[in-house]
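Number of protein chains: 2
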Amino acid sequence: MLTNKGKYGLKALVFLARREPEELALVSEIASSRGIPRKFLEAIMTDLRNAGFLSSRKGKAGGYRLAKPASEIRIGSVIRALDGPLAPIPCASKSNYQRCEDCDEESCEVRWLMVDVRQAICDVLDTRNLAELSAQAGLLALIDEPCP
Amino acid sequence: MLTNKGKYGLKALVFLARREPEELALVSEIASSRGIPRKFLEAIMTDLRNAGFLSSRKGKAGGYRLAKPASEIRIGSVIRALDGPLAPIPCASKSNYQRCEDCDEESCEVRWLMVDVRQAICDVLDTRNLAELSAQAGLLALIDEPCP
DNA sequence: TCTTAATCCTATTAAATTGATAGGAATAAG
DNA sequence: CTTATTCCTATCAATTTAATAGGATTAAGA
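Keeping their order, the protein sequence lines are chains A and B.
Per the numbering used here, the first sequence runs over residues 1112 to 1259.
Per the numbering used here, the second sequence runs over residues 1112 to 1259.
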């Protein structure tokens, strides 16, 4: 599941990706622009900074910006940082594997299935970066408009 | 996320798929065989029956069996019945779409992304049926054994 | 130096979801 | 009738989610 935390975090990153790379943005600016609770977003930005996606400057005239080019930020790693493993169940996770207490790892049918699901999810999220995500949306919205 | 409810439900269905189609199985039998809490499994079996996957007989010598051939039970529909929509976020669901209150449906970048994730998940889970799931596991376990 | 405005830090909390458990009613076989 | 099962309703504890509160720290600029 993508939680609000993950959703808000991605929106904030898209916001930053669409600015000049060096320009600092305020949490309050992002929050009001995207309808995100300010205090909640503050906490999320801290996580994103700790995960290496953002850099910040404190004090007056401070703010956040991307710590690296948007094209180098994989969506999968963002969601992992905010919401945890992409796998539907811990025993199918690569990044954070945890053995099931109640089933045998090798013979469990459900696990084999969920490994395939995890792979399918990763195939989408780990092959897209923030630059693609922020570029894409406007185009798709236009394509969907009916012809005049 | 696949909850314990979904996991237990799938395991119970696999158990039933490996029996003679008409033979009734007891909840207590399935529960002890697969390490599932009996009372919890009882509730899950009720859900699976209400969703049309199982039929039951009450009273002494009662029990559960598949309501239709295992090959006609799609894994995706089982998980939807037990754990809800497969989409990571309600605004990306086909089976149970719900509009986001805080973003614009057409221009939201996150939504377009999650539609692709949902499609990837459904491509795995809606193209597999219970017969395949119950047949597969044993083989894979063998393949993984090192050669003597 | 002082004011102001921002990030940063710690703690708390309310609501929802998950993962069960308890106790017994209804049903049917033998 | 006894026994064994599904079925039904209610309850509950733990965890996760989604925030909010209050202030400490930092730095720009007057």
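Beta carbons: idealized from backbone N, C-alpha and C, even for Gly.
Residue i at chain A interface by Cβ criterion, 8 Å
i, result
"B:K1205", "no"
"B:I1141", "no"
"B:Q1247", "yes"
"B:V1189", "no"
Listed by chain order, chain B residues near residue i by CB distance under 7 Å
i, result
"A:V1235", "D1227, V1228 and A1231"
"A:P1132", "Result: empty, since nearest Cβ-Cβ is about 18 Å, beyond 7 Å."
Host beta strand (DSSP E) of residue i (start-end)
i, result
"A:L1165", "L1165 to R1168"
"A:R1176", "G1174 to L1177"
Residues near residue i by beta carbon distance below 7 Å, same chain, minus five either side
i, result
"A:A1128", "L1177, A1181, L1241, A1242 and S1245"
"A:E1134", "R1176"
"A:V1298", "Outside the modelled stretch of chain A, which goes from 1112 to 1259, sits residue 1298 of chain A, for which no answer is possible."
Where the alpha helix (DSSP H) containing residue i begins and where it ends
i, result
"B:E1153", "R1149 to N1161"
"B:R1145", "V1138 to R1145"
"A:I1184", "Element bounds for A:I1184: n/a, residue is neither H nor E."
"B:K1122", "N1115 to A1128"
Chain B contact for residue i (CB, 8 Å cutoff)
i, result
"A:M1112", "yes"
"A:A1252", "Low confidence applies to A:A1252: its pLDDT is 48, below 50, so where it sits in the model is not reliable enough to give any reading."
"A:L1224", "yes"
"A:I1184", "no"
Beta-carbon neighbours of residue i, restricted to chain A and to distances below 9 Å
i, result
"B:G1146", "E1212, D1213 and C1214"
"B:L1244", "E1220, V1221, W1223 and L1224"
Contact set between residue i and chain B, taken where Cβ atoms lie within less than 8 Å
i, result
"A:P1180", "Residues of chain B passing the Cβ test: none, with the nearest at roughly 18 Å."
Neighbour list for residue i in chain A, Cβ cutoff strictly below 7 Å
i, result
"B:V1221", "K1118, L1121 and K1122"
Chain-ordered neighbours of residue i on chain B, where CB pairs are closer than 9 Å
i, result
"A:V1138", "Chain B residues near A:V1138: none, gap ~17 Å exceeds 9 Å."
Contact set between residue i and chain A, taken where Cβ atoms lie within less than 8 Å
i, result
"B:I1200", "M1112, L1113 and K1118"
Same chain, Cβ closer than 8 Å to residue i, neighbours up to 5 away in sequence not counted
i, result
"B:R1160", "S1166, S1167, Y1175 and A1178"
"B:C1219", "C1202 and C1211"
"A:E1216", "C1202, R1210 and R1222"
"B:A1136", "F1126, L1127, R1130, G1174, Y1175 and R1176"
"B:M1112", "D1194"
"A:A1300", "Only positions 1112 to 1259 of chain A appear in this structure, which leaves residue 1300 of chain A out of reach."
Contact set for residue i: own chain, Cβ-Cβ below 6 Å, skip 5 residues either direction
i, result
"A:K1122", "R1145"
"B:S1139", "R1149"
"B:A1162", "A1192"
Beta strand (DSSP E) runs contained entirely in the region 1198-1258 of chain B, provided each spans 3 or more residues = none
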